[in-house]
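2 protein chains.
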Amino acid sequence: MTAEFIVAVHSLVFLNHKKCSLSSEMIAENVCTNPARVRKILLKLKKADLISSKGGTDGGYFFEKDPKAVTLRDVLAAVELDVVKIKWRSGDTDMDCEVASGMAGVMDGIFNTLDASCKAQLASITIDDIDKQLFKENKNEL
Amino acid sequence: MTAEFIVAVHSLVFLNHKKCSLSSEMIAENVCTNPARVRKILLKLKKADLISSKGGTDGGYFFEKDPKAVTLRDVLAAVELDVVKIKWRSGDTDMDCEVASGMAGVMDGIFNTLDASCKAQLASITIDDIDKQLFKENKNEL
DNA sequence: GTTTAATGTAATTATATCGGTTACAGTTAA
DNA sequence: TTAACTGTAACCGATATAATTACATTAAAC
Numbered sequence: 057m058t059a060e061f062i063v064a065v066h067s068l069v070f071l072n073h074k075k076c077s078l079s080s081e082m083i084a085e086n087v088c089t090n091p092a093r094v095r096k097i098l099l100k101l102k103k104a105d106l107i108s109s110k111g112g113t114d115g116g117y118f119f120e121k122d123p124k125a126v127t128l129r130d131v132l133a134a135v136e137l138d139v140v141k142i143k144w145r146s147g148d149t150d151m152d153c154e155v156a157s158g159m160a161g162v163m164d165g166i167f168n169t170l171d172a173s174c175k176a177q178l179a180s181i182t183i184d185d186i187d188k189q190l191f192k193e194n195k196n197e198l
Numbered sequence: 057m058t059a060e061f062i063v064a065v066h067s068l069v070f071l072n073h074k075k076c077s078l079s080s081e082m083i084a085e086n087v088c089t090n091p092a093r094v095r096k097i098l099l100k101l102k103k104a105d106l107i108s109s110k111g112g113t114d115g116g117y118f119f120e121k122d123p124k125a126v127t128l129r130d131v132l133a134a135v136e137l138d139v140v141k142i143k144w145r146s147g148d149t150d151m152d153c154e155v156a157s158g159m160a161g162v163m164d165g166i167f168n169t170l171d172a173s174c175k176a177q178l179a180s181i182t183i184d185d186i187d188k189q190l191f192k193e194n195k196n197e198l
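First to last, the sequence lines map onto chains U and Z. Counting from 57, one number per residue, gives the positions in the first sequence under my numbering. Counting from 57, one number per residue, gives the positions in the second sequence under my numbering.
Put into structure tokens, the structure is as follows:
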């Protein structure tokens, strides 16, 4: 998983809270990154129908969904990322030794299980949940 | 998480199955990587007391633990890795906006939860489990 | 229609990480 | 004393990630 997921979630939470259209420049300033990166990532959210956008004067990005209905699992799917994924594989399926030929498959299975578990957990967190967490009254310090 | 974890688990499973001392070169061949990398990673396993080693002629690495008692959680701790961890943080705690200043903390919390959940699951998988999975009779193909 | 301000998108650059390689000092046993 | 191995550092190259720059496209205002 890369920070694209963080940028995507942060942008959505920001758009949801402001309740108005925002330019990539305004979002980039809030997220602390550059506008082109924001545009590239928000384009994925748009293609997944999580937001809409408009070019031209007074254009920008709009979030018009129910924040209680959009989960972090949806956002992750939109940016096409996995939580647990390792490219490198050990051994070689062509080798005679059953350890050498089988370990990659076993590890893949383990990582797939972990990944699915993480995704299931992300499905239970909504954009609204995060807004509430950021703006709850009870920010007891001690 | 990096492939060091894979190399560590593969090496342990291989050592456990062979039931004899093996050199970094033999392990590297089975894992399909280079001996120096194997030595660097197995050194961490040694420091975590999961294996022992001996230099000199007929030296090598030894696994003398109960394979039912060594879990993937132990291996992960030995190589000092997290499952879910993203370095990049959005926003800036010094900014006035509560979204900009709070999102990094919220995301950290989410990732920590996922990471802990993955580690808990890895604690339920032992080296013996993997050996059984690799060498079980019932490898039914259809 | 022209200007202005924004998105969509590609190309490039900078940097960090990761795995591979080489080298060699230290260790152990024949 | 030699041979074989671990311990460990230094370095290299590839890959991936984020930042930057640029520009065509789109939409609204004038």
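Built from N, CA and C at the ideal position, the CB exists for glycine as well. A quick note: this is a predicted structure, and the numbers were derived from the prediction, not measured.
Neighbour flag for residue i against chain U, beta carbons, 8 Å
{"i": "Phe191/Z", "result": "yes"}
{"i": "Gly147/Z", "result": "yes"}
{"i": "Ile186/Z", "result": "yes"}
{"i": "Ala59/Z", "result": "yes"}
{"i": "Leu198/Z", "result": "Summary for Leu198/Z: the model assigns pLDDT 44, below 50, so the residue's position carries little reliability; its value from the coordinates is reported in the next sentence. No, Leu198/Z does not count as interfacial toward chain U."}
{"i": "Met163/Z", "result": "yes"}
{"i": "Ser79/Z", "result": "no"}
{"i": "Lys118/Z", "result": "Reading off the sequence, residue 118/Z comes out as Phe, not Lys. Not closer than 8 Å to any Cβ of chain U, the Cβ of Phe118/Z fails to qualify, so no."}
Cα-Cα separation between residue i and residue j, rounded to whole angstroms
{"i": "Ala172/Z", "j": "Gly112/U", "result": "46 Å"}
{"i": "Arg145/Z", "j": "Ile62/U", "result": "8 Å"}
{"i": "Val131/Z", "j": "Asp130/U", "result": "32 Å"}
{"i": "Phe191/Z", "j": "Leu71/U", "result": "53 Å"}
{"i": "Thr169/U", "j": "Cys88/Z", "result": "24 Å"}
{"i": "Ile97/U", "j": "Lys75/U", "result": "20 Å"}
{"i": "Glu136/U", "j": "Phe118/Z", "result": "42 Å"}
{"i": "Leu68/Z", "j": "Leu68/U", "result": "44 Å"}
{"i": "Ser108/U", "j": "Leu178/U", "result": "23 Å"}
{"i": "Gln189/U", "j": "Val162/Z", "result": "8 Å"}
{"i": "Leu198/Z", "j": "Ile166/U", "result": "For Leu198/Z, the predicted structure reports a pLDDT of 44, less than 50, and the residue's modelled location is therefore unreliable. The matter cannot be settled from this model."}
{"i": "Gly147/U", "j": "Ala84/U", "result": "43 Å"}
{"i": "Lys110/U", "j": "Met82/U", "result": "15 Å"}
{"i": "Lys143/Z", "j": "Asp150/Z", "result": "18 Å"}
{"i": "Ala176/Z", "j": "Asp114/U", "result": "49 Å"}
{"i": "Ala92/Z", "j": "Ser79/Z", "result": "11 Å"}
Residue i at chain Z interface by Cβ criterion, 8 Å
{"i": "Ile97/U", "result": "no"}
{"i": "Leu170/U", "result": "yes"}
{"i": "Cys76/U", "result": "no"}
{"i": "Asn86/U", "result": "yes"}
{"i": "Ser108/U", "result": "no"}
{"i": "Ile183/U", "result": "no"}
{"i": "Ala104/U", "result": "no"}
{"i": "Met159/U", "result": "yes"}
{"i": "Ala156/U", "result": "yes"}
{"i": "Val94/U", "result": "no"}
{"i": "Ile83/U", "result": "no"}
{"i": "Ser180/U", "result": "no"}
{"i": "Val135/U", "result": "no"}
{"i": "Val63/U", "result": "yes"}
{"i": "Val69/U", "result": "yes"}
Beta bridge counterpart(s) of residue i as assigned by DSSP
{"i": "Phe191/U", "result": "Paired residue(s): none; Phe191/U is not in a bridge."}
{"i": "Phe118/U", "result": "Ser108/U"}
{"i": "Thr127/Z", "result": "Thr182/Z"}
{"i": "Leu132/U", "result": "In DSSP, Leu132/U forms no bridge with anything."}
{"i": "Leu78/Z", "result": "Tyr117/Z"}
Cβ separation of residue i and residue j, assumed to be a contact under 8 Å, to the nearest whole Å
{"i": "Lys100/U", "j": "Ala134/U", "result": "5 Å"}
{"i": "Met57/Z", "j": "Asp138/Z", "result": "7 Å"}
{"i": "Val140/Z", "j": "Cys174/U", "result": "7 Å"}
{"i": "Ser77/U", "j": "Gly116/U", "result": "4 Å"}
{"i": "Val155/Z", "j": "Asn86/U", "result": "6 Å"}
{"i": "Asp187/Z", "j": "His73/Z", "result": "6 Å"}
Item checked: Meets three-Cβ-pair contact criterion under 8 Å: the region 172-186 of chain U and the region 124-133 of chain U -> yes
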